[in-house]
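Asks: Shown below is the structure under consideration.
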Amino acid sequence: MGGGQAGETPTRRSPQGDVRCGKTAVAMVAGAQVGAGGAQTVFLAPTELLADQHTETLRATAEVLGLRLGLFTGALSRDQRRSMLDRMATGALDLVVGTHALLSGEIRFADLGLVIVDEQHRFGVAQRLRLGTRGSTRRPHLLVMTATPIPRSLALVLYAGLELTTIKEKPPGRVPATTKMVSRTQRATVFRQLERALRAEGRAFVVCPAISSSEELIGVDRTYDEMKARFGDERVGQIHGRLSGDERRALMQEFREGQIQVLVGTTVLEVGVDIAAANIMVVEQAERFGLAQLHQLRGRVGRAGQRSACLLTFGEPLSVDAEARLQALCDSDDGFRLAERDLELRGPGHLFGYRQSGASGLQFANLAKDQGLLKEAGDLADRIIGADPDLSAPEHGAARSAVERWERNAAVREDAG
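In the working numbering, the protein residues as written are 2 to 418.
Here it is, written out as structure tokens:
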């Protein structure tokens, strides 16, 4: 990657790697290389919570490298926002971490050299390019980060036009989490494991498929009450998309410091949450999640190299497909192998957590059978965008409407946490 970053021609690249393999560190090295040449880097995070966390995680390294770091989100006050806008436009910041707020039309950069995009955003190509041309005299390099490993056959479609780089190894000292399936009828087993983890001064995540409980779903509300009854009100917190950004930041800080030891939440916890002391993950109704998503959740524990556990609770009877999915997770810690299995079992739509069904969102196309047709469609799309980047021609009206609808849906998913 380094050779491409150093060149004059802008690169478009997607680093592919397993959970906990150090993708953020790779992105930071790329930012440092760009900063050494006097240019700026933008790091787009999927939520304010993760933008805050990335900022704190990168702060020490940025100081060592002499990079001036800033945070830009919708939570800034008017004065803070004005100050950040000025510092970005004048080149007083080398590295800016932020959310969708960075796509505002008022954003300008002195010399933007690198855009790092977390694919959880589902940003459209037009949005990425629009960001990359504000105030700069050159087109910046682009890194598209992914939360989970992606089967190469799918990646070649989703990331057409991007160079793929594979990070094959994890940092030394990482110990795989012990993963077990536990029936909902064996609640005592879950509590024993939680108590053991907390006695070791650890932290526990408990993830539910919904905020509110129903006849079919176990929600955060009911589980939160259950955990408080077991461990005490002061040791348990809850986090989900209905909380404000300030509330979520405060909760994560209390959890990080140990004021809260058990955090009950939704899949808002899935991507990027980095709590060194976290040593146990309980996923309620794990049969309702995809393999790649479960692997990503499991990656939230044991990040400091300590022994950790992931308990997959399930309701009975368990379907054959669901049992195969959960057993695959218990048998393997290889994210690429699990992603391939997930593609076989559930289809590509679930790999990014935005569909519960196996549908791919590709009408009349099958990723396994229609590679030639998909490549032809991609080439045609490239020619259309090359001739009409804004899709402003009358004959491209339907395509423009489809892109706008897709980007609106992406923003709604991000806002929902």
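C-beta atoms are modelled at their ideal positions from N, C-alpha and C, and glycine is treated no differently. No experiment lies behind these values; they were computed from the predicted model shown.
Have a look at GLY242 and VAL302 and give me their C-alpha separation to the nearest angstrom.
Replies: GLY242 and VAL302: Cα-Cα distance of roughly 21 Å.
Asks: Label LYS376 either buried or exposed according to how many other C-beta atoms from any shown protein chain fall within 10 Å of its C-beta, with 16 as the threshold for buried.
Replies: Exposed, since its Cβ has fewer than 16 Cβ neighbours within 10 Å.
Asks: With a threshold of 6 Å on Cβ separation, who are the neighbours of ALA127 within its own chain once the five nearest residues in sequence on each side are excluded?
Replies: A caution first: ALA127 carries a pLDDT of 47, below 50, which makes its placement in the model unreliable, though a value can still be read off. Cβ within range, chain order: n/a, list empty.
Asks: Considering just the uninterrupted stretch of the beta strand (DSSP E) at HIS142, what are its terminal residues?
Replies: Note, HIS142: beta strand (DSSP E), 142-146.
Asks: Return the first residue and the last residue of the beta strand (DSSP E) that THR180 is part of.
Replies: Element bounds for THR180: 179-184.
Asks: Closest to GLY379 by CA distance: which of LEU163, GLN41 and VAL145 is it?
Replies: If we check each option's Cα against that of GLY379, LEU163 comes out closest.
Asks: Could you tell me the distance, in whole angstroms, from the CA atom of PHE315 to the CA atom of ALA287?
Replies: The straight-line gap from Cα to Cα measures roughly 6 Å.
Asks: Since GLN297 contacts GLY266 with CB under 8 Å, what's their CB separation in whole angstroms?
Replies: That belief does not hold up - the Cβ atoms of GLN297 and GLY266 are roughly 14 Å apart, past 8 Å.
Asks: Would you mind sorting SER15 into buried or exposed? The rule is 16 or more other CB atoms within 10 Å of its CB.
Replies: So SER15 ends up on the buried side.
Asks: Identify every residue that forms a DSSP beta bridge with THR167.
Replies: Per DSSP, GLN17.
Asks: Compare the C-alpha of GLY39 against each of GLU285, LEU86 and ASP95 and name the closest.
Replies: When only C-alpha atoms are compared, the closest one is ASP95.
Asks: What's the call for ALA293, buried or exposed, on a 16-neighbour Cβ count within 10 Å?
Replies: Flag for ALA293 reads buried.
Asks: Buried or exposed for GLN262, please, with buried defined as at least 16 other CB atoms from any protein chain shown within 10 angstroms of its CB.
Replies: Buried: at least 16 other Cβ atoms inside 10 Å.
Asks: Identify whether THR74 lies in helix, strand or coil by the three-state DSSP scheme.
Replies: DSSP places THR74 in coil when its eight states are reduced to three.
Asks: Can we say the segment 328-338 touches the segment 195-202, given the rule of at least three CB pairs closer than 8 Å?
Replies: Too few Cβ pairs lie closer than 8 Å, so no.
Asks: What are the boundary residues of the alpha helix (DSSP H) that ARG83 is part of?
Replies: 79-91 is the span of the alpha helix (DSSP H), which, as asked, contains ARG83.
Asks: Roughly how many whole angstroms lie between the Cα atoms of LEU50 and THR25?
Replies: The straight-line gap from Cα to Cα measures roughly 16 Å.
Asks: Quickly, what does DSSP pair ARG204 with across the bridge? List them, please.
Replies: DSSP, once it has assigned bridges, lists ALA279 as partnering ARG204.
Asks: Extract the residue ranges of the alpha helix (DSSP H) inside the segment 21-75, only unbroken runs of 4 or more that lie entirely within it.
Replies: Runs of the alpha helix (DSSP H) inside the segment 21-75: 24-37 and 49-66.
Asks: Going by other Cβ atoms of all chains shown within 10 Å of its Cβ, with 16 needed for buried, is SER309 buried or exposed?
Replies: By the neighbour-count rule (16 or more Cβ atoms within 10 Å), SER309 is buried.
Asks: Is ILE168 a contact residue of the ligand HEM, with contact defined as CB to any heavy atom under 7 Å?
Replies: For the structure depicted, the ligand HEM is absent and the ligand set is empty, with no information on it obtainable.
Asks: So within the segment 250-338, which uninterrupted beta strand (DSSP E) runs reach at least 3 residues, ignoring any that extend past its ends?
Replies: With a minimum length of 3 residues, the continuous beta strand (DSSP E) runs that stay inside the segment 250-338 are 263-266, 279-284 and 310-315.
Asks: What are the residues that DSSP puts in a beta bridge with LEU96?
Replies: Beta-bridge pairing links LEU96 to THR42 and LEU70.
Asks: Is DSSP giving ILE117 helix, strand or coil here?
Replies: Here ILE117 sits in strand by DSSP.
Asks: Using DSSP bridges, identify the partner residues of ILE1.
Replies: Any question about residue 1 goes unanswered here, given that the chain covers just 2 to 418.
Asks: Does ALA211 come out as helix, strand or coil in the three-state DSSP assignment?
Replies: The answer is strand: DSSP assigns ALA211 an E or B state.
Asks: Kindly identify the DSSP beta-bridge partner or partners of GLY233.
Replies: Note: GLY233 sits in no beta bridge, so no partner.
Asks: For GLY220, name the three-state secondary structure that DSSP assigns.
Replies: GLY220: strand per DSSP, three-state reduction.
Asks: Can you give the Cα-Cα distance for ASP1 and HIS101, rounded to whole angstroms?
Replies: Nothing can be reported for residue 1, as the shown portion of the chain is limited to 2 through 418.
Asks: Apart from the five residues on each side of it in sequence, which residues of its chain come closer than 6 Å, Cβ to Cβ, to THR179?
Replies: Around THR179: ALA310.
Asks: Nearest by alpha-carbon distance to ILE212: which of ALA189, SER320, GLU258 and TYR225 is it?
Replies: When only C-alpha atoms are compared, the closest one is TYR225.
Asks: Could you give the distance in angstroms between the alpha-carbon of GLY291 and the alpha-carbon of GLU317?
Replies: So the two alpha carbons sit approximately 18 Å from each other.
Asks: Measure the beta-carbon distance from GLN41 to LEU113 and round it to whole angstroms, keeping in mind my assumption that it falls under 8 Å.
Replies: Confirmed, Cβ separation roughly 5 Å.
Asks: Counting C-beta neighbours from all protein chains within 10 Å, is the total for GLY220 16 or more, i.e. buried, or is it exposed?
Replies: It counts as buried.
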